[in-house]
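**Student:**
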Amino acid sequence: MSIKSKIDKALLILKHPSVLLGKQNYILILSHMRSRSSLLSHVLGSHDEVCGYGELHYDYPKKSSLLKMHVELLKDTGQSTTKGFFLDKLLHNSFVVSHDILKRKNVYILILVREPEATVKSIVKMGEVTGDEGYLDVDAMLKYYTNRLNYLYQIAQKYEGVLMIDSDNIVDSTSETLNRIKNWLGLDDELTSSYKKFKKTGSAGHGDPSLNISAGEIIKTQNDLALEFEPTLLNNAKEIYSKVIGLKAS
Numbered sequence: 002m003s004i005k006s007k008i009d010k011a012l013l014i015l016k017h018p019s020v021l022l023g024k025q026n027y028i029l030i031l032s033h034m035r036s037r038s039s040l041l042s043h044v045l046g047s048h049d050e051v052c053g054y055g056e057l058h059y060d061y062p063k064k065s066s067l068l069k070m071h072v073e074l075l076k077d078t079g080q081s082t083t084k085g086f087f088l089d090k091l092l093h094n095s096f097v098v099s100h101d102i103l104k105r106k107n108v109y110i111l112i113l114v115r116e117p118e119a120t121v122k123s124i125v126k127m128g129e130v131t132g133d134e135g136y137l138d139v140d141a142m143l144k145y146y147t148n149r150l151n152y153l154y155q156i157a158q159k160y161e162g163v164l165m166i167d168s169d170n171i172v173d174s175t176s177e178t179l180n181r182i183k184n185w186l187g188l189d190d191e192l193t194s195s196y197k198k199f200k201k202t203g204s205a206g207h208g209d210p211s212l213n214i215s216a217g218e219i220i221k222t223q224n225d226l227a228l229e230f231e232p233t234l235l236n237n238a239k240e241i242y243s244k245v246i247g248l249k250a251s
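Using the working numbering, read the sequence shown as starting at 2 and increasing by one per residue.
1) How many Å lie between Leu153 and Gly79 at the Cα?
2) Tell me, please, whether the region 50 to 60 touches the region 133 to 150 by the rule of three or more beta-carbon pairs shorter than 8 Å.
3) Pull up the CB-CB distance for Val294 and Pro210, whole angstroms please, since I reckon it's below 8 Å.
4) For Leu22, which of helix, strand or coil comes out of DSSP?
5) Can you tell me which of Ser95, Lys90 and Ala238 puts its alpha carbon nearest to the alpha carbon of Leu111?
6) Drop a sphere of 10 angstroms on the beta-carbon of Asp167, count the other beta-carbons inside from all chains shown, and report buried for 16 or more, exposed for fewer.
7) Taking the straight line between their C-alpha atoms, what separation do you get for Ala238 and Tyr145?
8) Let me check understanding here. Comparing Cα to Cα, which of Glu218, Tyr59 and Val108 lies closest to Tyr160?
9) Look at the Cβ atom of Ala119, then the Cβ atom of Leu248, and state whether they are nearer than 8 Å.
10) Please say whether Leu40 and Ile219 have beta carbons closer to each other than 8 Å?
11) Counting only the same chain and skipping the five closest in sequence on each side, list residues whose C-beta sits under 7 Å from that of Ile241.
12) Should Ser1 and Ile28 be called a contact, given that it needs their Cβ atoms to be closer than 8 Å?
13) Is it true that the CB of Leu113 sits closer than 8 Å to the CB of Ser32?
14) Tell me the rounded alpha-carbon separation between Lys198 and Leu68.
15) If you drop the 5 nearest sequence neighbours on each side, which residues of the same chain put their C-beta closer than 6 Å to that of Val98?
16) So for Tyr152, helix, strand or coil by DSSP?
17) So, using beta-carbon positions, are Leu179 and Val44 closer together than 8 Å?
18) Should Pro232 go down as buried or exposed, given a rule of 16 or more other Cβ atoms within 10 Å for buried?
19) State the start and end residues of the unbroken alpha helix (DSSP H) segment that holds Val108.
20) Compute the beta-carbon to beta-carbon distance between Met165 and Arg35, rounded to the nearest angstrom, for a pair I have assumed lies under 8 Å.
21) Please report the Cβ distance between Lys200 and Asp77, rounded to the nearest whole angstrom; I am assuming they are in contact, meaning their Cβ atoms lie under 8 Å.
22) So who's on the other strand from Glu218, going by DSSP bridges?
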């Protein structure tokens, strides 16, 4: 971190002493690529009690990591929130969230998953938009998905109070799903299907780079991309998806 960045963050903390003194809560959306996590993050981030809407690409090994998140979100959004929640989402196993963070009472873990075929089709479509050839490798993306959901399954089994959301319910049962999230967080006001556009909305690396996220409201999109899936890899992905979703009812 440059000296200027350190000074800027110190000034931000002085401007918002709640960063150090306030009792804050945090939402970590643990998910995978193309799960509609950008959509859900924007809906949450548009609520008066939530600060954050994208992907910070941070590790969370210790308590001070939450302070770093807090400061970065205040800097990015310009909000001066002294109550409520600060939000980040993590989509890859390479980003570490420690046991010390996951067990904290003020850290709310939301696990969001989408069925594998639609997920991989969406990843490939994103690769076509961004020019990232790695996303065009269907087998590699199925393996990524399976590995990620295996991790999410372990988290969901180990920690109490985790909220499980099937991504399709965001677009198919919107009111019911948003109300479930609202009650889980204990928000005063309702979550709505419309949302704000933020500084980095639509920017690659910070969430959904497609035009869909700029709609400003929850819409169901169609992806008719025809792909061939290796049967064993697809079956493995379907099995772990079913196991994760099965925890929702247990």
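Don't be surprised by glycine CBs; every beta carbon is placed ideally from N, CA and C.
**Tutor:** Result, derived from the coordinates:
1) Indexing the sequence shown from 1 puts residue 153 at position 152. Indexing the sequence shown from 1 puts residue 79 at position 78. Taking the straight line from one Cα to the other gives about 32 Å.
2) Below 8 Å, too few C-beta pairs join the region 50 to 60 and the region 133 to 150 to call them touching: fewer than three.
3) Given that the chain is displayed from residue 2 to residue 251, the structure contains no residue 294 and the question cannot be resolved.
4) One-based indexing of the sequence shown puts residue 22 at position 21. Interpretation of Leu22 is limited by its pLDDT of 48, a score under 50 that renders its predicted location unreliable; no figure is taken from the coordinates.
5) Along the sequence shown, read from residue 1 onward, the residue named residue 111 stands at position 110. That would be Lys90, whose Cα lies nearest to the Cα of Leu111.
6) For the purposes of this step, residue 167 is identified with residue 166 of the sequence shown, where counting begins at 1. Flag for Asp167 reads buried.
7) Residue numbering aside, residue 238 sits at position 237 when the sequence shown is read from its first letter. Residue numbering aside, residue 145 sits at position 144 when the sequence shown is read from its first letter. So the alpha carbons of these two residues sit roughly 9 Å apart.
8) Residue 160 sits at position 159 when you count from the first residue of the sequence shown. Measuring from the Cα of Tyr160, the nearest candidate turns out to be Val108.
9) Numbered from 1 along the sequence shown, position 118 holds the residue referred to as residue 119. Numbered from 1 along the sequence shown, position 247 holds the residue referred to as residue 248. Against a cut-off of 8 Å, the Cβ pair of Leu248 and Ala119 comes out as no contact.
10) The residue you call residue 219 lines up with position 218 of the sequence shown. The residue you call residue 40 lines up with position 39 of the sequence shown. Going by C-beta atoms, Ile219 is nearer than 8 Å to Leu40.
11) Here residue 241 refers to the residue found at position 240 of the sequence shown. Thr147, Leu150, Asn151 and Tyr154, listed in sequence order.
12) No answer is possible for residue 1: it lies beyond the span of the chain, which begins at 2 and ends at 251.
13) Within the sequence shown, the letter at position 31 stands for residue 32. Within the sequence shown, the letter at position 112 stands for residue 113. Closer than 8 Å, so yes.
14) By 1-based counting over the sequence shown, the position of residue 198 is 197. By 1-based counting over the sequence shown, the position of residue 68 is 67. Taking the straight line joining both Cα atoms gives about 25 Å.
15) For this step, residue 98 is matched to residue 97 along the sequence shown. For Val98, the CB contacts under 6 Å within the same chain, skipping 5 residues up- and downstream, are Tyr61 in chain order.
16) Taking the first residue of the sequence shown as position 1, residue 152 is located at position 151. Looking at Tyr152 - three-state DSSP - the assignment turns out to be helix.
17) Along the sequence shown, read from residue 1 onward, the residue named residue 179 stands at position 178. Along the sequence shown, read from residue 1 onward, the residue named residue 44 stands at position 43. It is a contact, given that the beta carbons lie within the stated cut-off.
18) The residue you call residue 232 lines up with position 231 of the sequence shown. Classification for Pro232: exposed.
19) Counted from its first residue, the sequence shown places residue 108 at position 107. Run containing Val108: none in the alpha helix (DSSP H); it sits in the beta strand (DSSP E), Val108 to Val114.
20) Start at 1 with the first residue of the sequence shown, and residue 165 comes out as number 164. Start at 1 with the first residue of the sequence shown, and residue 35 comes out as number 34. The beta-carbon separation of Met165 and Arg35, rounded to 18 Å, does not stay under the 8 Å limit for a contact.
21) Sequence index remark: in the sequence shown, residue 200 carries index 199 (1-based). Sequence index remark: in the sequence shown, residue 77 carries index 76 (1-based). The Cβ separation is near 6 Å, so the contact holds.
22) For the purposes of this step, residue 218 is identified with residue 217 of the sequence shown, where counting begins at 1. According to DSSP, which records beta bridges pairwise, Glu218 is partnered with Ser195.
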